[in-house]
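Chemist:
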Amino acid sequence: MSWDQVFELIVSILTTQTGLPNLLLKQLVMMGIAFLFLYLAVAKKYEPLLLVPIGFGIFLVNFPLVPLMGFTEQGAPELIRAFYKYGVQWEIIPCVIFLGLGAMTDFSPLIANPKTLIVGAGAQLGVFITYLGVLFFGFTLKEAASVGIIGGADGPTTIYLTTKLAPHLLGANALAAYSYMAMVPLIQPPIMRLMTTPEQRRIRMRQLRPVSNREKILFPLVAAILIILLVPAVAPLMGMFMFGNFMRESGVVKRLSDTAQNALMNIVTIFLGLSVGATMAADKFLSLKPLLIFAFGLMDFVVCTFGGILTVHIMNLFVKEKINPLIGSAGVSAVPMAARVSHAEGLKADPDNWLIMHAMGPNLAGVIGSAAAAGMFIAMFQ
Amino acid sequence: MKDHWYVARLLVVAVFLGWAVTSHAAGLFSFGDTEKPNPEFQRSGQEISAKFIPRAKSTSVTVTFGVSAGGILNDVKGVDFETVDRPEVDVKNFKSAVFEIHITKVKPGETAALSIRSDFFTKSTAFFVYNPKQEKPWKDAQAGNRPLDGRVRELVVSARDGGELDADGLTDGRVTVIGGPRDSFWGYALGTLFIRFFGIFIVLLALMIGMIVSGFVFRAIERRKTRQSEDQKDSVKALAAEQRAIAPLDGDAARSAEVPEEVAAAIGTALHLHLSSMRRSDRSSEAATSESSWASDGRKRMMNDRLSVFNRFNR
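Chains as they are written, first to last, in my numbering: chain S, 1 to 382; chain G, 1 to 315.
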């Protein structure tokens, strides 16, 4: 073998089998973005359970020549592609997460004060305003619906709807949803203060009535019947959510309920985060659309917060016992972050005013409302 | 007050800027036709069906073409919208697709009635025709729109051989119609926006009413139960008070009245016998036979309790 041949072989190996010569600037940019999200998750503790796997997914998939998100010559999916295909594309993981969420959720505050469901509906205003807004910017109807749902502040719902309607926007939508959910304590308070007077912020609400076990057990059944009959398209999400809650409240399958809340939820969260992160390859992500999605996502959250508080103001015109408008902002379904923000703002106005349980009502209503909004959008395109 | 004025001015500026940006945004951003329909055609007798996933839909629809009078349907093809795009039309309004329809055996100069049927059409669906030979290439064909059985609607386009809807422009016994069903994109987007937003209110209102009603029922049941248990407590209290009123005996006298001396002696003997038999039963050779009935009953209960632990449905 001559030196020329050795040199040619080395060049061939370097160019076709190592990543370094194939590394592009845009891939480095994406790695920078991955580091940013990893930093936010680790140092600032912003939604670390999701931003860590998402950030790492972005980091991994942007190396050149990596066999992670493609298909083998035999057509089999590569590692993260397999997670994505069977977990996300087949719409399994978001529904399993809803099962876990149901098993974690105590609906007592909502059962004790069903009026707060209206607040959850009002807080979906941003979803529809954003849907309209992005249409002006050249998005298709399906893309607009998937971007709009970001304001519902529900990660699994956003992922579920985006996978169904605009899978090419999955990375940007999921990242925007989780990032803004983490920033609820920064985004909401200025809007809450802008839309309420100090007097309104001091409104005290009557303590919630105790809810019997029987009511708690029957709630998931009644809710499933009503919601699925009216919006059948939402059955995969709502069915799993209510099933998880029924397991919890029935009290006879504690082992299953524990698994759904902990082990199962943790497992699917890992696969979901990695899969979503891995959809953000540089050639797909670095374009105008994700930037617009981030801008509209922020607007979406703002309008949803506005919508929730506005709904409480309107309700206060008709009800005898006034509702503290601060709990309106909890209508976005970032559970329980949004309720905590309402509580904290209430304490600032009156240190003896405990709003947390009152705010949990609209917060839980927001979960149901955003799932209903997703169902409406899915039905619209069927 | 000053703050409120500042916020109000800020809002006015924001609304103006929002309007200015959004009213021009559609022209500023274009991401191409990402939802291009790809029709597949199938002939069945004198009719041709096109099956495709239209824009803004996730499921496929079928459009059936036929000629109801004046000729025979020869062929239907799909047309790429980019080839017929003009500034005066917006691709978003053509949710279905654009087709090239060939009708033959038309009497020269006569009119052929093209029938297009689908359950995807609505009352407001029109049929727009493209003719590059005209000064304004796109034109509303003024198609008749009528309901058929089920949810199917029929558009009827009357195209004269060599007329302005005939793309070949020749009076040759053949009519070529290039065009497609047109719906208002913004009308649909805004209409569905309102319907679905209020739809969420309806869904959650229904749930709210259901919860209020069920809450009312449950509270009534709870109240009744509480009342019943209070009644029972009251009656027990009343009975005790009554007994106290009938036999007001004190300490030792009451006890001696309840248990006579002979009975007390019998109880003591029985207890002694029972305990001594228990001690004997510790010896393994006699364990099975020397158990008293109390002991065997206790053992049975204990074993049953242990068994239930292994019954997975009870956990």
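Backbone N, C-alpha and C define an ideal beta-carbon position, used for all residues, glycine too.
Which chain S residues sit within Cβ distance under 8 Å of E47/G?
Modeler: Correct list: empty, because the minimum Cβ distance to chain S is about 26 Å.
Chemist: Please report how far the alpha carbon of D258/S lies from the alpha carbon of L204/G, in whole angstroms.
Modeler: Each residue's Cα considered, the two are about 29 Å apart.
Chemist: In the DSSP assignment, find the alpha helix (DSSP H) that holds S108/S and state where it starts and stops.
Modeler: 108–112 is the span of the alpha helix (DSSP H), which, as asked, contains S108/S.
Chemist: Note down, one range per segment and in chain order, each beta strand (DSSP E) of at least 3 residues found wholly within the region 138–196 of chain G.
Modeler: Correct list: 138–140, 144–147, 153–160, 175–182.
Chemist: Could you give the first and the last residue of the continuous alpha helix (DSSP H) run that contains Q200/S?
Modeler: 198–201 is the span of the alpha helix (DSSP H), which, as asked, contains Q200/S.
Chemist: Taking DSSP's pairing of strands, which residues face R43/G in a bridge?
Modeler: Partner(s): I48/G.
Chemist: Indicate whether at least one CB of chain G lies closer than 9 Å to the CB of F246/S.
Modeler: For F246/S, the answer is no, since every Cβ of chain G falls outside 9 Å of its Cβ.
Chemist: Whose Cβ in chain G lies nearer than 8 Å to the Cβ of I111/S?
Modeler: In chain order: M211, G215.
Chemist: Please name the residues in the region 80–92 of chain S whose beta-carbon is closer than 9 Å to at least one beta-carbon of chain G, in chain order.
Modeler: So nothing in the stretch comes that close.
Chemist: Could you tell me whether the Cβ atoms of L114/G and S44/G are closer together than 9 Å?
Modeler: Not closer than 9 Å, so no.
Chemist: Any beta-carbon of chain G closer than 9 Å to the one on L383/S?
Modeler: Outside the shown range of chain S, which is 1 to 382, sits residue 383/S, and nothing can be said about it.
Chemist: Where V303/S and F128/S are concerned, what is the direct C-alpha to C-alpha distance, given to the nearest angstrom?
Modeler: Spanning the two alpha carbons is a distance of roughly 10 Å.
Chemist: May I ask you to verify whether the region 114–131 of chain S touches the region 258–274 of chain S, counting CB pairs closer than 8 Å and requiring at least 3?
Modeler: Verdict: no, contact absent.
Chemist: Report the neighbours of E35/G on chain S: residues whose CB is nearer than 8 Å to its CB, in chain order.
Modeler: The contacting residues are T140, K142.
Chemist: In terms of alpha-carbon separation, which member of G251/S, K115/S, P198/S, V134/S lies closest to G331/S?
Modeler: Ranking G251/S, K115/S, P198/S, V134/S by Cα distance to G331/S puts K115/S first.
Chemist: Hey, is S229/G's beta-carbon within less than 9 Å of any beta-carbon in chain S?
Modeler: Not closer than 9 Å to any Cβ of chain S, the Cβ of S229/G fails to qualify, so no.
Chemist: Using a C-beta to C-beta distance shorter than 8 Å, which residues of chain S count as neighbours of I116/G?
Modeler: Here the premise fails: no neighbours, minimum Cβ distance about 22 Å.
Chemist: Mind checking who F219/S pairs with in its DSSP beta bridge?
Modeler: Looking at the DSSP assignment, F219/S forms no beta bridge with any residue, so it has no partner.
Chemist: Nearest to E117/G by CA position, among E261/G, K51/G, T83/G, is which residue?
Modeler: The sequence given here places Arg at residue 117/G; Glu does not occur at that position. Per the Cα distances, K51/G.
Chemist: Whose Cβ in chain G lies nearer than 7 Å to the Cβ of I227/S?
Modeler: The contacting residues are V203, L207.
Chemist: Any Cβ of chain S within less than 9 Å of the Cβ of R55/G?
Modeler: R55/G counts as touching chain S.
Chemist: Kindly indicate which three-state DSSP category V335/S falls into: helix, strand or coil?
Modeler: Coil at V335/S, not helix or strand.
Chemist: In the DSSP assignment, what residue or residues form a beta bridge with I101/G?
Modeler: V76/G, V177/G.
Chemist: Can you find a CB in chain S that lies within less than 9 Å of the CB of S285/G?
Modeler: Caution is warranted here: a pLDDT of 45 is assigned to S285/G, below 50, making its placement in the model unreliable, and no coordinate value can be reported.
Chemist: For the candidate residues F65/G, V89/G, E261/G, K300/G, whose alpha-carbon lies nearest to that of L155/G?
Modeler: Of the candidates F65/G, V89/G, E261/G, K300/G, the one whose C-alpha sits nearest the C-alpha of L155/G is F65/G.
Chemist: Hey, is M69/S's beta-carbon within less than 9 Å of any beta-carbon in chain G?
Modeler: So no, M69/S is outside the interface.
Chemist: Quick one: which unbroken alpha helix (DSSP H) runs of 4-plus residues sit fully inside the region 310–382 of chain S? Chain order, please.
Modeler: Segments of the alpha helix (DSSP H) lying fully in the region 310–382 of chain S: 337–349, 356–380.
Chemist: Give the interface partners of E215/S over in chain G, defined as CB-CB distance under 8 Å, in chain order.
Modeler: The contacting residues are S214, G215, F218.
Chemist: Spatial neighbours of F301/S within its chain, please: CB distance less than 6 Å, with the 5 preceding and 5 following residues excluded, ordered by chain position.
Modeler: These residues qualify, in order along the chain: G151, Y180, I187.
Chemist: Report yes or no: is there a C-beta of chain S within less than 9 Å of the C-beta of D282/G?
Modeler: Confidence is the limiting factor: at D282/G the pLDDT is only 49, short of 50, which leaves the residue's position unreliable and the question unanswerable from this model.
Chemist: May I ask you to list, following chain order, the residues of the region 121–136 of chain S that have a beta carbon less than 7 Å from some beta carbon of chain G?
Modeler: Hits within the stretch, in order: A121, Q124, F128, Y131, L132, G133, L135, F136.
Chemist: In three-state terms, what does DSSP make of A384/S?
Modeler: For chain S, the structure presents residues 1 to 382; residue 384/S sits outside this window and is missing.
Chemist: Under 7 Å between beta-carbons, which chain G residues line up against F301/S? List them in chain order, please.
Modeler: By Cβ distance, chain G contributes nothing, its closest Cβ being about 16 Å from F301/S, past 7 Å.
Chemist: Whose C-beta lies closer than 7 Å to the C-beta of N22/S among residues of the same chain, with five residues either side of it excluded?
Modeler: Once the five neighbours on either side are set aside, the close Cβ partners of N22/S are P64, L65.
Chemist: Pull up the DSSP beta-bridge partners for S118/G, would you.
Modeler: BP columns for S118/G point to R153/G.
Chemist: Name the residue from E82/G, S68/G, D119/G, K36/G whose alpha carbon lies nearest to the alpha carbon of T104/G.
Modeler: Of the listed residues, the one whose Cα sits closest to T104/G is S68/G.
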